[in-house]
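Chains as they are written, first to last, in the numbering used here: chain D, 1205 to 1413; chain A, 17 to 276.
From the three backbone atoms N, C-alpha and C, an ideal C-beta is built for every residue, glycine too.
Note that the structure is a prediction, hence the values are computed from the model and not measured.
Written below as structure tokens is the structure these notes are about.
Okay, here's the thing in structure tokens:
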């Protein structure tokens, strides 16, 4: 019986096409872990000298105090940077970014946004991204690059002063870093809600099909 | 590395420290991992047992050591911290310490002497008048706190590298270690390459006035290429040494290089 079951599985899976290749899945989940560590420890670092009139609750921060949070932040940054860099290079070299995220036009975004808001957007083919998805993914890749660059600016404002001047000055880089964090959190909310709502999308990111 | 003497003859220092650490009531500052809501989720995502605090802490400390090495590699001894116009100076420049201004050391200039120890030819102590007679320069630079805020100040004093040369310091040594008059005996090590950086300064004046009590009278070490906590105030002694002696904040987990 087990041999029959195994054969059935092989046949059925060979018929379903791969939606998310292994490298995308591995890098996606490494990125998820790194981002969560960066965001939670970042909130604790923010609390030491808040930019705005609020602090993040201690129950959602990582690192216990500023010194601990900095250790987490400067450890997870390697995971985020190396994984992110590998993702960008692989995405560009394999042509996946070009195939999945382009072309994109303002009119297609508006049309697909209308369709999405009226629940008319089709999710039958998970391997093809609609224009709203393309915009969100392109946007979050850009934000991810800026969050790393502003982070490096704040980490080494003297050694990388040319990078700091790209954002104005040190305090400006801090604000841009915070805005990027907020955009990533907003993206995460939308991303997770849609992943749970759209059938099989979470499964595809775990087992690939 | 110079061998440190036993605290009590016949007692293993490491075991003694281990036991005394156990007896310490508050280890929250050393427990880097508590206070995270999603540790379970992190464990699932990373596959690492981050709930085991000791393992995570050991790993974080190792990465911090690695980050020390990376920063040391990145450190360009010729790269100058940006300087600013007088108009950019932050007013009022913040007083910052882990205590209030009332608790800041109130030093009598007449009694104060800078003690010089370690790998130097001339170990004589220096009075404030003698130090003030040294050639001085002014620089307007940004002070960046480990907490994230920053402020621009005007600092006047003698480049530390000139003083090290004057006292015949062995500049091949690894550190210049500073002791301060702050309560709890604030201290901090500075790596020699940073100590020799042209902008690293023994500061006697702030905004062309004798350094006020708030900013470290009678002398602070201004290091524009380091975070603020590596800029010791109320300095009473400096020691040129190859021994890593730790520091007030460094011992609690702040990255020791903390270069900017």
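What residue 160(A) touches in chain D, judged by beta-carbon distance under 8 Å, is 1361 and 1374, going in chain order.
With respect to chain D, the C-beta atom of residue 215(A) has no partner C-beta closer than 7 Å.
Residues of the same chain with a CB within less than 8 Å of the CB of residue 1370(D), apart from the 5 flanking positions on each side, are 1353 and 1357 in chain order.
In this structure, the beta-carbon distance from residue 99(A) to residue 157(A) falls below 7 Å. Positions of the beta strand (DSSP E) runs, each at least 3 residues long and wholly inside the stretch 1217 to 1266 of chain D, cannot be given because no such run exists.
Annotation: residue 182(A) to residue 142(A) spans about 12 Å, alpha carbon to alpha carbon. Contact annotation for residue 269(A) against chain D: 1271, 1272 and 1275 [CB-CB distance below 7 Å, chain order]. Taken through DSSP and simplified to helix, strand or coil, residue 159(A) comes out as strand. Contact holds between the stretch 260 to 276 of chain A and the stretch 1261 to 1279 of chain D, because three or more Cβ pairs, one in each stretch, are under 8 Å apart. Taking the Cα positions, residue 218(A) is about 30 Å away from residue 1376(D). Assigned with DSSP and collapsed to three states, residue 1413(D) falls in coil, not helix or strand. When DSSP reads this structure, residue 169(A) sits in a beta bridge with 157(A).
Residue 1222(D) and residue 1325(D) have their alpha carbons spaced roughly 22 Å apart.
Relative to the Cα of residue 112(A), the nearest Cα in the group 228(A), 275(A) and 255(A) belongs to 228(A).
Within chain D, the residues placing a beta-carbon under 8 Å from that of residue 79(A) are 1275, 1278, 1279 and 1282, ordered along the chain. Three or more Cβ pairs closer than 8 Å define a contact, and the stretch 189 to 202 of chain A falls short of that threshold against the stretch 140 to 154 of chain A.
Annotation note: the stretch 101 to 140 of chain A contains the following uninterrupted beta strand (DSSP E) runs of length 3 or greater, listed N- to C-terminal: 129 to 134.
Boundaries of the alpha helix (DSSP H) around residue 1275(D): 1270 to 1297. Contact check for residue 1238(D) against residue 1279(D) fails: the beta carbons are separated by 7 Å or more.
For residue 1353(D), the enclosing alpha helix (DSSP H) begins and ends at 1335 to 1359.
The beta carbon of residue 151(A) sits no closer than 7 Å to any beta carbon of chain D. The residue among 80(A), 240(A) and 132(A) with its C-alpha nearest the C-alpha of residue 167(A) is 240(A). Beta-bridge annotation (DSSP): residue 191(A) is paired with 207(A) and 257(A).
Among the residues facing chain D, residue 163(A) is included, as its CB has a counterpart in that chain under 7 Å away. Taking the beta carbon of residue 1378(D) as reference, the chain A residues within 8 Å of it are 164, listed in sequence order. CA-to-CA, the gap between residue 1232(D) and residue 180(A) works out to about 52 Å. At a cut-off of 7 Å between C-beta atoms, residue 98(A) counts as an interface residue with respect to chain D. For residue 91(A), the C-beta contacts it makes with chain D under 8 Å involve 1363, in order along the chain.
The Cβ of residue 180(A) sits no closer than 7 Å to any Cβ of chain D. Closest option to residue 226(A), judged by alpha-carbon separation, among 272(A), 202(A) and 171(A): 171(A).
Note on geometry: alpha-carbon atoms of residue 1226(D) and residue 1409(D) lie some 9 Å from one another. When secondary structure is reduced to three states using DSSP, residue 273(A) falls in the coil class, being assigned neither helix nor strand. Inclusion of residue 91(A) and residue 244(A) in the CB contact set at 7 Å is not warranted, their separation being larger than that value.
Per DSSP, the continuous beta strand (DSSP E) segment holding residue 222(A) begins and ends at 217 to 222. The CB of residue 95(A) comes closer than 7 Å to the CB of 1362 and 1363 in chain D, given here in chain order. When the beta-carbon positions are compared, residue 185(A) and residue 153(A) stay at least 7 Å from each other.
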